[in-house]
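One structure is given here, and the rest of the page talks about it.
Protein chains: 2
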Amino acid sequence: MLGGAATYISLAAHFFTPVKIVAVVGDDFAQEDMDLLTSRGIDVQGIERVAGGKTFFWAGVYSQDMNDRTTLRTDLNVFADFNPKLPESYRSAPYLLLGNIQPALQRSVKGQMNGVKFTGGDTMNYWIKDFRDELLETIRQWDFLLINDSEARQLSGDHNLRRAAAKVLAMGPKILVIKRGEHGAVLFTRDFHFMAPGYLLEDVFDPTGAGDCFAGGFMGYLAGRGIRPMDAQFDPIELRKAVIYGSVMGSFCCEKFGVDRFRTLTREEIEDRYQEFKACTEF
Amino acid sequence: MLGGAATYISLAAHFFTPVKIVAVVGDDFAQEDMDLLTSRGIDVQGIERVAGGKTFFWAGVYSQDMNDRTTLRTDLNVFADFNPKLPESYRSAPYLLLGNIQPALQRSVKGQMNGVKFTGGDTMNYWIKDFRDELLETIRQWDFLLINDSEARQLSGDHNLRRAAAKVLAMGPKILVIKRGEHGAVLFTRDFHFMAPGYLLEDVFDPTGAGDCFAGGFMGYLAGRGIRPMDAQFDPIELRKAVIYGSVMGSFCCEKFGVDRFRTLTREEIEDRYQEFKACTEF
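Taken in sequence, the protein lines are chains A and B.
The number in the working numbering is simply the position in the first sequence, starting from 1, with 398 added.
The number in the working numbering is simply the position in the second sequence, starting from 1, with 398 added.
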């Protein structure tokens, strides 16, 4: 079925801001999946279609409590040779969110942008472990880095989250968001940190993509409000709200299989859940 | 060294309200430990000293990340035959917090009270598994139950925390607080829930007793404010504040070995940390 970081990020972010995808697919990519994206106003001009190629494929199985997953199959297919080229119309976009891919490619995408004002992205254990120097060179130029707790520990070499965050912030990013799965997320800057709880779902149907939806909600909100990194430093309330919107989008993602929740989700439901977050954390 | 639920609860609660301990020790219990309690104004008249007996002893080792612990030794000693008898001066106290012990004994203590208005307590997996009927009969009469997430799952038979909470509330308690260790705590009533994050410590030195300090701060705050269960239902803000004060006390507990942090802790430090909780959760 339809999946992938770019898909989840776009479907979450488009509620807040116009979105342009850069990605690669094979000619097996279904027209109805492309239609879902375009029906939401998502710009797909940057989706490269490789003739005769097959789309990236992943299959996995979750543990009973949904907190662990085992990969059954990963076929990189056309993703293996992906070298993102931005369409001319993309290059002047002010916000850039870089999905998890080889750090050198993330840097190449940023290099193709003209005057981008807010850059952030994701990475994973593989790049942290085997491409460390390349990764450090890349994130040094980012405004924010968005990773999970085990990645933060691996990147910093420190188990304690607060000390780990301080070490990662010293590597360059002005903002670090650490995702903790069902336990929420913590945003760190040099000046403060903000903790958002994980939304307590009655049923966690499928957590696949929740972290990407968090990223889409977080970046989407900042972009929609026109926040610049400098603003964020002087008005941290917008960063806090962005974390909550990220959490809201991640929570919706888990409610149905794959991207299904986004087929019916409305802006009103998003606002209601934002208010629920307020109600269950205020004191 | 000095330890035990009653010790941690009292040292946390006395910042908010007068405390009377009911407990049993052997004649090996050190005078300097008794002095620590009395120096804080804690009433120790209900501490029974068994001549020729030895005090309960526990030893354990924590995992590297402090999230798991292995018991090395548990000697029940005089605790094995403990049958709490309340001094006359204790019986009219309005607030009763029952530590983790055989549910029939918890019920017997409550039975010795005259007109107690707010009763809550703790339990553990052993009573949930092997004394289920006795436990259910006991907690049916409580205003609140305070357990950790795995105990809530075991008691309810439901892995999902929200559904588990609904099932536990249907067993009698009006209020359920689920402790999640480093991930904070969630308070549930039939009408709402409230989520407190775990305080991000720079160093977790020793988490022993943190859950008991949470209980002491939670109950201590409610008692200090004179909250009745009925008030709590109509003014949930006090319950929320109680959860935060519980979290504050639990966080201090982890900063030093055993009860050492309570030798120097001040009310001002408690208020400062309460404000820190506000600052890192408000949006």
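We treat Cβ as the ideally placed atom computed from N, Cα and C, and that holds for glycine.
Just so we're clear, the structure is a prediction, and the values are computed from it rather than from any experiment.
Cutoff 8 Å: residue i Cβ touching any chain B Cβ
i      : result
A/F542 : no
A/N558 : yes
A/F592 : yes
A/K565 : no
A/E549 : no
A/E653 : no
A/K639 : yes
A/D601 : yes
A/I642 : yes
A/H581 : yes
A/I625 : no
8 Å contact criterion, which residue i and residue j should meet: CB distance rounded
i      : j      : result
B/I642 : A/F681 : 6 Å
B/F529 : B/Q500 : 7 Å
A/G570 : A/F542 : The pair is not a contact, with the Cβ atoms about 10 Å apart (cut-off 8 Å).
A/I440 : A/V476 : Not confirmed; about 20 Å, so no contact.
A/G618 : A/T472 : Incorrect: roughly 27 Å between the Cβ atoms, too far for contact.
B/N512 : B/R489 : 5 Å
B/A480 : B/V422 : First, the amino acid is wrong: residue 480 of chain B is Phe here, not Ala. The pair is a contact, with the Cβ atoms about 4 Å apart (cut-off 8 Å).
B/N465 : B/E580 : 7 Å
B/Y597 : B/F675 : 7 Å
Interface flag, residue i vs chain A, CB-CB below 8 Å
i      : result
B/C678 : yes
B/L434 : no
B/R561 : yes
B/P605 : no
B/P595 : yes
B/D589 : no
B/R671 : no
B/L598 : yes
B/F681 : yes
B/D531 : no
B/D682 : Nothing can be reported for residue 682 of chain B, as the shown portion of chain B is limited to 399 through 681.
B/I635 : yes
Contact check, residue i vs residue j, beta carbons under 8 Å
i      : j      : result
A/N498 : A/D531 : no
B/G644 : B/F592 : no
A/G609 : A/G401 : no
B/L484 : B/Q510 : yes
A/V602 : A/C678 : no
B/L599 : B/S548 : no
A/K508 : A/R626 : no
A/A563 : A/I545 : no
B/G683 : B/A411 : What is shown of chain B runs 399 to 681, which leaves residue 683 of chain B out entirely.
A/D431 : A/G451 : no
A/V566 : A/A550 : yes
B/G458 : B/L470 : yes
A/L503 : A/P482 : yes
B/D463 : A/H557 : yes
B/A640 : B/L620 : yes
A/L585 : A/I573 : yes
A/L435 : A/S408 : yes
A/F427 : A/T405 : no
B/T587 : B/Q631 : yes
A/V646 : A/R665 : no
One or two residues paired with residue i in a DSSP bridge
i      : result
B/D463 : Answer is none; B/D463 lacks a bridge partner.
B/G458 : B/T469
B/F542 : B/G518, B/I573
A/G444 : A/V420
Contact with chain D by residue i, beta-carbon distance below 8 Å
i      : result
B/L599 : Absent here is chain D; the protein component of the structure consists of chains A and B.
Counting only runs that start and end within the segment 568-594 of chain B, where is the beta strand (DSSP E) found for 3 or more residues in a row?
573-577, 583-586, 591-594
Minimum length 3: unbroken beta strand (DSSP E) runs contained in the segment 487-512 of chain B:
493-496
At which residue ranges does the segment 588-671 of chain B contain complete beta strand (DSSP E) runs of 3 or more residues, listed in the order of the chain?
591-594
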